[in-house]
Amino acid sequence: MSEARAQASRVGQRNRDWYIDKAVEIIVFIGGISAIIFIVGIFVFITKEGLGFLADTFDFKEFFFSPNWRPTSEANPTYGILALMAGTASVTGLAMLVAIPFSLGAAIYVAEFATGKTREALKVLVELLAAIPSVVWGFIGLSIMNPLIIDLFNVPIGLTVLNAGIILGLMAAPIMTSIAEDALKAVPDRYREAAEAMGATRWQVIFKVVLPAAKNGLLGAVLLGVGRGFGETMAVLMATGHAINIPTSVFDSVRALTATIAAELGETANGSDHYQALFTIGIFLFIITFLINLSADLIVRGVRKG
Numbered sequence: 675m676s677e678a679r680a681q682a683s684r685v686g687q688r689n690r691d692w693y694i695d696k697a698v699e700i701i702v703f704i705g706g707i708s709a710i711i712f713i714v715g716i717f718v719f720i721t722k723e724g725l726g727f728l729a730d731t732f733d734f735k736e737f738f739f740s741p742n743w744r745p746t747s748e749a750n751p752t753y754g755i756l757a758l759m760a761g762t763a764s765v766t767g768l769a770m771l772v773a774i775p776f777s778l779g780a781a782i783y784v785a786e787f788a789t790g791k792t793r794e795a796l797k798v799l800v801e802l803l804a805a806i807p808s809v810v811w812g813f814i815g816l817s818i819m820n821p822l823i824i825d826l827f828n829v830p831i832g833l834t835v836l837n838a839g840i841i842l843g844l845m846a847a848p849i850m851t852s853i854a855e856d857a858l859k860a861v862p863d864r865y866r867e868a869a870e871a872m873g874a875t876r877w878q879v880i881f882k883v884v885l886p887a888a889k890n891g892l893l894g895a896v897l898l899g900v901g902r903g904f905g906e907t908m909a910v911l912m913a914t915g916h917a918i919n920i921p922t923s924v925f926d927s928v929r930a931l932t933a934t935i936a937a938e939l940g941e942t943a944n945g946s947d948h949y950q951a952l953f954t955i956g957i958f959l960f961i962i963t964f965l966i967n968l969s970a971d972l973i974v975r976g977v978r979k980g
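The working numbering puts the first residue of the sequence shown at 675, with every later residue one more than the last.
In structure tokens:
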């Protein structure tokens with residue numbers, strides 16, 4: 675009788691374990707599929723809001739090749755985003771010039787040279803920098819970088835591409851450093867040991883062995899930084915001067931696509947051409963982000979095959 679009860683108990687335990695496994699599997703599936711559902715829902719929403727502009731007012735040549743963004747003009751409203759695209763590209767490009775060397779250098783030092791408490795302290799510091807809100811970075815650009823650029827370069831205003839590029843680079847650097855450091859640490863130690871056994875110096879091991887082996891992760895870190903720079907709003911709004919202008923130097927004030935949406939959406943009439951044009955910019959940003967991620971995936975797949 676006791677053996678029968680024990681057998682029944684084991685069967686019951688297996689059934690409970692099966693139900694628990696199924697429940698966890700369903701929860702994980704829902705969590706994974708919800709991200710896709712949310713992304714599709716966001717795209718459907720912004721497309722629905724901008725569809726009227728695309729169907730009635732949208733002019734491809736004017737929208738993409740005109741630098742004139744005057745949606746509130748009563749006589750002749752124009753919806754050209756060329757200057758906004760140029761502002762976004764210039765700020766993001768300069769930010770990457772600032773962030774990539776800084777991030778990769780910091781990641782190499784933390785992963786390959788720092789030890790013990792020094793490494794832990796640096797990793798905590800990097801995480802703390804990543805936690806600073808974008809509006810705080812915007813205040814730094816507005817109240818510290820602005821007068822500093824005016825004094826150093828003798829320019830009339832410091833809210834420029836240079837200001838926003840430095841701020842955005844510092845914002846993107848922590849997350850890029852964390853991902854790059856993880857990629858470097860993921861390289862097996864036997865690679866380093868084999869190179870050192872052949873007489874390679876520490877720097878030769880890093881540049882000839884570790885960096886090529888970690889190129890997938892490093893590429894992912896850089897592309898994530900590009901995405902962060904392309905989609906940033908508040909800091910760019912506060913540090914660029916928010917002037918509609920195609921920049922010819924780093925000392926020009928510009929306006930970004932994201933900052934335009936943030937600054938103007940709350941002041942437009944719901945359903946107006948201006949309102950729908952801002953959502954059309956949102957559609958454009960969504961597509962660009964998708965293409966960046968798709969390109970990253972294709973590049974990484976090509977690197978793996980090579």
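All C-beta atoms, glycine included, are put in the ideal place defined by N, C-alpha and C.
Quiz item: Does the Cβ-Cβ distance between V928 and G754 come in under 8 Å?
Solution: no
Quiz item: Measuring CA to CA, which of M759, I955, T942, L842 is closest to M912?
Solution: L842
Self-check item: Three-way DSSP call (helix, strand, coil) for G832 in this model
Solution: coil
Quiz item: If you draw a straight line from the alpha carbon of A936 to that of G915, how long is it in whole angstroms?
Solution: 14 Å
Quiz item: For the region 843-879, which segments carrying the alpha helix (DSSP H) assignment without a break, of at least 4 residues, lie completely within its bounds, in sequence order?
Solution: 863-871, 876-879
Quiz prompt | Nearest candidate by alpha-carbon position, reference N919, set L725, T851, T766, L758 | solution = L758
Self-check item: Own chain, CB closer than 6 Å to I849, minus 5 neighbours either side, in chain order
Solution: A804
Quiz item: Secondary structure at R793, three-state DSSP: helix, strand or coil?
Solution: helix
Exercise. Please report the Cβ distance between E723 and Q950, rounded to the nearest whole angstrom; I am assuming they are in contact, meaning their Cβ atoms lie under 8 Å.
Key: 6 Å
Practice problem: Would you give the residue range spanned by the alpha helix (DSSP H) that M759 belongs to? | Solution: 756-782
Self-check item: Residue burial classification, P737 (beta-carbon count within 10 angstroms, cutoff 16)
Solution: Per the sequence shown, the amino acid found at residue 737 is Phe instead of Pro. Per the 10 Å Cβ criterion, buried.
Quiz prompt | A781 and G903 closer than 8 Å at C-beta | solution = no
Quiz item: Whose C-alpha, out of I701, L725, V714, is nearest the C-alpha of F953?
Solution: L725
Quiz prompt | Rounded C-alpha distance that separates I806 from N837 | solution = 18 Å
Exercise. Please confirm whether L796 and V784 have their CB atoms less than 8 Å apart.
Key: yes
Quiz item: Beta carbon of M908, beta carbon of G812: below 8 Å?
Solution: yes
Practice problem: Please report the residue range of the alpha helix (DSSP H) in which L892 lies. | Solution: 889-905
Quiz item: Hey, would you say I824 sits closer than 8 Å to G832, going by beta carbons?
Solution: yes
Quiz item: Near F960, what residues of its chain come up, given a Cβ to Cβ distance below 8 Å and the 5 sequence neighbours on each side ignored?
Solution: I716, F717, I720
Quiz item: Which of the three DSSP states, helix, strand or coil, is assigned to V718?
Solution: helix
Quiz item: In chain order, which alpha helix (DSSP H) runs of at least 4 residues are fully inside the region 948-975?
Solution: none
Quiz prompt | Top-ranked residue by Cα proximity to L778, from D926, E870, G894, V765 | solution = G894
Self-check item: Beta carbon of P751 nearer than 8 Å to that of D926
Solution: no
Practice problem: Could you spell out the range, first to last residue, of the alpha helix (DSSP H) harbouring S808? | Solution: 808-814
Quiz item: By how many angstroms is the C-alpha of F776 removed from the C-alpha of L858?
Solution: 15 Å
Self-check item: Straight-line Cα distance separating V698 from S852
Solution: 30 Å
Practice problem: Measure the CB-CB distance between V896 and I966 and report whether it falls below 8 Å. | Solution: no
Exercise. Would you grab the beta carbon distance between M845 and E906 for me? Rounded to a whole angstrom, and I think it's under 8 Å.
Key: 7 Å
Quiz item: Roughly how far, in whole angstroms, is the beta-carbon of R981 from the beta-carbon of V883, given that I think they are within contact range, below 8 Å?
Solution: Lying outside 675 to 980, the shown extent of the chain, residue 981 is not represented and no answer is given.
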